[in-house]
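Data block below; observations after.
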Amino acid sequence: QKEVEQNSGPLSVPEGAIASLNCTYSDRGSQSFFWYRQYSGKSPELIMFIYSNGDKEDGRFTAQLNKASQYVSLLIRDSQPSDSATYLCAVMETGTASKLTFGTGTRLQVTL
Amino acid sequence: SAVISQKPSRDICQRGTSLTIQCQVDSQVTMMFWYRQQPGQSLTLIATANQGSEATYESGFVIDKFPISRPNLTFSTLTVSNMSPEDSSIYLCSVDSQGQGAVGYTFGSGTRLTVV
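Just so you know, the protein sequences line up as chains A and B, in that order. Residue numbers for the first sequence, in my numbering: 259 to 370. Residue numbers for the second sequence, in my numbering: 3 to 118.
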């Protein structure tokens, strides 16, 4: 069974610090990787996607992918209280009708 | 990216009854996905719905319990049948936004179901 693992947290970081969220996946055939943010009581919202090894930056967010280690991470720079949410890692394998497998999510708390 | 209207947003239902959840997309999409998110848990895929064909169900989910309709490229329904308290969850529809000018998946606002 394909698995996506995340530390459930909570991960607590002070305002202005860098938050580092990690995710590992079991299926080496995985091709596409997504990070979603989910506020309590809301539906998931796509933040970042990454396909290639290395870093991808978008504003305060950086996604990092290492396919050899089957590891993907999300860095949030200059963390704000509004970043407090659950962050879901999702993995898609090519040829699976574009299904996403989600991790259990990491709850991030940004403290003042 | 696609915009999805999902309804109802919440409902409280008696055990043994059925609830149909609707998702309307503002653009044509090939695949629609139905997820369940149990309290404090992540998202679990129930089934994939393609227009003009039977839905494909994931392990642990069956058509008799979760019948799905996909009459056209912008609409789908999920029915939760013969409900029990264990069906209390948030149900979400999702579409693949690739080809819509955005990459990734967009979710509806969810249906919070409580079975009593």
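Beta carbons: idealized from backbone N, C-alpha and C, even for Gly.
Terminal residues of the beta strand (DSSP E) in which residue i lies
{"i": "L366 (chain A)", "result": "364-369"}
{"i": "F360 (chain A)", "result": "358-360"}
{"i": "Q351 (chain A)", "result": "Before going on, a small fix: residue 351 (chain A) reads as Glu here, not Gln. Its beta strand (DSSP E) spans residues 343-351."}
{"i": "K119 (chain B)", "result": "Chain B is shown from 3 up to 118; residue 119 (chain B) falls before or after that span and cannot be answered."}
{"i": "G110 (chain B)", "result": "Neither: G110 (chain B) is in no beta strand (DSSP E) and is coded neither H nor E."}
{"i": "Q39 (chain B)", "result": "33-39"}
{"i": "K300 (chain A)", "result": "It is not in any beta strand (DSSP E) - K300 (chain A) carries neither H nor E in the DSSP assignment."}
{"i": "F319 (chain A)", "result": "319-324"}
{"i": "E315 (chain A)", "result": "312-316"}
{"i": "P272 (chain A)", "result": "269-272"}
{"i": "N52 (chain B)", "result": "45-52"}
{"i": "S96 (chain B)", "result": "91-98"}
Assumed close pair residue i, residue j - CB separation to whole angstroms, cut-off 8 Å
{"i": "T369 (chain A)", "j": "S270 (chain A)", "result": "6 Å"}
{"i": "T362 (chain A)", "j": "Q43 (chain B)", "result": "7 Å"}
{"i": "D341 (chain A)", "j": "L366 (chain A)", "result": "6 Å"}
{"i": "Q289 (chain A)", "j": "E351 (chain A)", "result": "6 Å"}
{"i": "W36 (chain B)", "j": "L75 (chain B)", "result": "W36 (chain B) to L75 (chain B), Cβ: 16 Å. No contact."}
{"i": "E331 (chain A)", "j": "S266 (chain A)", "result": "According to the sequence displayed, residue 331 (chain A) carries Ser and not Glu. 16 Å between Cβ atoms; not a contact."}
{"i": "A49 (chain B)", "j": "F77 (chain B)", "result": "Their Cβ separation, rounded to whole angstroms, is 15 Å, which puts A49 (chain B) and F77 (chain B) out of contact at 8 Å."}
{"i": "L333 (chain A)", "j": "T320 (chain A)", "result": "4 Å"}
{"i": "E273 (chain A)", "j": "Q338 (chain A)", "result": "6 Å"}
Residue i: contacting residues in chain B (beta-carbon distance under 7 Å)
{"i": "F360 (chain A)", "result": "S44, L45"}
{"i": "K357 (chain A)", "result": "L47, T50"}
{"i": "G363 (chain A)", "result": "S44"}
Sheet register partners of residue i (DSSP bridge)
{"i": "R74 (chain B)", "result": "The residue you asked about is not Arg; residue 74 (chain B) is Asn in the sequence shown. In the DSSP output, where bridge partners are listed per residue, N74 (chain B) has B:F77."}
{"i": "Q26 (chain B)", "result": "B:S7, B:F77"}
{"i": "Y309 (chain A)", "result": "According to DSSP, which records beta bridges pairwise, Y309 (chain A) is partnered with nothing at all."}
{"i": "R295 (chain A)", "result": "A:E303, A:Y345"}
{"i": "N280 (chain A)", "result": "A:S331"}
{"i": "T19 (chain B)", "result": "None; T19 (chain B) has no bridge partner."}
{"i": "I14 (chain B)", "result": "B:T116"}
{"i": "E60 (chain B)", "result": "E60 (chain B) pairs with nothing; no bridge assigned."}
{"i": "S290 (chain A)", "result": "A:M350"}
{"i": "E261 (chain A)", "result": "According to DSSP, E261 (chain A) bridges with nothing at all."}
Proximal residues of chain A, C-beta to C-beta of residue i below 7 Å
{"i": "F109 (chain B)", "result": "S301, P302"}
{"i": "G112 (chain B)", "result": "S301"}
{"i": "G106 (chain B)", "result": "F292, L304, F307"}
{"i": "L94 (chain B)", "result": "S301"}
Residues that residue i contacts on chain B, provided the C-beta gap is smaller than 9 Å
{"i": "F291 (chain A)", "result": "Residues of chain B passing the Cβ test: none, with the nearest at roughly 10 Å."}
{"i": "L346 (chain A)", "result": "S44, L45"}
Cross-chain neighbours of residue i in chain A, by beta carbon under 8 Å
{"i": "D98 (chain B)", "result": "S356"}
{"i": "L115 (chain B)", "result": "Those within 8 Å of L115 (chain B) in chain A number zero; the least Cβ separation is about 14 Å."}
Pairing CB atoms from the segment 92-100 of chain B with CB atoms from the segment 13-27 of chain B, are three or more of them under 8 Å? By the Cβ criterion, the segment 92-100 of chain B is in contact with the segment 13-27 of chain B, since at least three pairs of Cβ atoms, one from each stretch, lie closer than 8 Å.
Please determine if the segment 274-285 of chain A and the segment 295-302 of chain A are in contact, where contact requires at least 3 C-beta pairs separated by less than 8 Å. Contact between the segment 274-285 of chain A and the segment 295-302 of chain A is absent, because fewer than three Cβ pairs lie under 8 Å.
Contact the segment 82-90 of chain B vs the segment 5-21 of chain B: 3+ CB pairs below 8 Å: Here the segment 82-90 of chain B lies against the segment 5-21 of chain B, with 3 or more beta-carbon pairs under 8 Å apart.
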